[in-house]
Ligand SMILES: [Zn+2]
């Protein structure tokens, strides 16, 4: 598994990943609900949509908008197991470990914090 600094350095060089931004409704949602609540949603999304060995609709399970975490997942390449394998070195076909979930959530939090501060 790669470390987060390495992953973020790569994301910063990706034209596709760099393009993602929170839109006004998602920014407002984050502001109104607060980071802790939004991160608790992130934890649930990861458990339900990403953590299983073979998630439903893998590759298409993460919408592109309507929740700040979804946008963060595309921006940080934590949107599906294919991206997790490519960007984080986390292999497909097995359930995510506690450590792997933690790095996914840390990536989402780091990106959301940066967006909230801009
Ligand atoms: Zn993906």
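Residue numbers (the working numbering): 281 to 398.
Note that the Cβ used here is the ideal one computed from N, Cα and C, for glycine as well.
The model shown is predicted, which means the values in this text are computed figures rather than measured ones.
Can you tell me which of the three DSSP states residue 295 falls into?
-> Numbered from its first residue, the chain shown carries residue 295 at position 15. DSSP places residue 295 in helix when its eight states are reduced to three.
Would you say residue 290 touches ligand 1, meaning its beta carbon is less than 7 angstroms from a heavy atom?
-> Locating residue 290 in the chain shown gives position 10, counting from the first residue. Residue 290: no, Cβ never under 7 angstroms from ligand 1.
Are there 16 or more other CB atoms within 10 angstroms of the CB of residue 344, so buried, or fewer, so exposed?
-> Here residue 344 is taken as the residue at index 64 of the chain shown, counted from 1. Residue 344 should be labelled exposed.
Outcome for residue 348 when other beta-carbon atoms lying within 10 angstroms are tallied against a minimum of 16 = Along the chain shown, one-based indexing puts residue 348 at 68. That one is buried.
Would you decide whether residue 355 is buried or exposed? Buried here means 16 or more other CB atoms lie within 10 Å of its CB.
-> For the purposes of this step, residue 355 is identified with residue 75 of the chain shown, where counting begins at 1. Its Cβ being crowded by 16 or more others within 10 Å, residue 355 is buried.
What span of residues does the alpha helix (DSSP H) with residue 354 cover, start to end?
-> Start at 1 with the first residue of the chain shown, and residue 354 comes out as number 74. It spans 348-355 - the alpha helix (DSSP H) in which residue 354 sits, taken as one unbroken run.
Beta-carbon proximity of residue 326 to residue 364, cut-off 8 angstroms | Within the chain shown, residue 326 is the residue found at index 46, counting from 1. Within the chain shown, residue 364 is the residue found at index 84, counting from 1. No, Cβ-Cβ distance for residue 326 and residue 364 is not below 8 angstroms.
Rounded to a whole number of angstroms, what is the C-alpha to C-alpha distance between residue 293 and residue 387?
-> Position 13 of the chain shown, counted from the first residue, corresponds to residue 293. Position 107 of the chain shown, counted from the first residue, corresponds to residue 387. About 16 angstroms.
Let me have the residue list for ligand 1: C-beta closer than 5 angstroms to any non-hydrogen atom, ordered along the chain.
-> Taking each Cβ in turn, the ones that pass are 359, 360, 363.
Going by C-alpha distance, which of 380, 340, 393, 333 is nearest residue 374?
-> On the chain shown, position 94 is the one that residue 374 refers to. Selected option, being the one with the closest Cα: 333.
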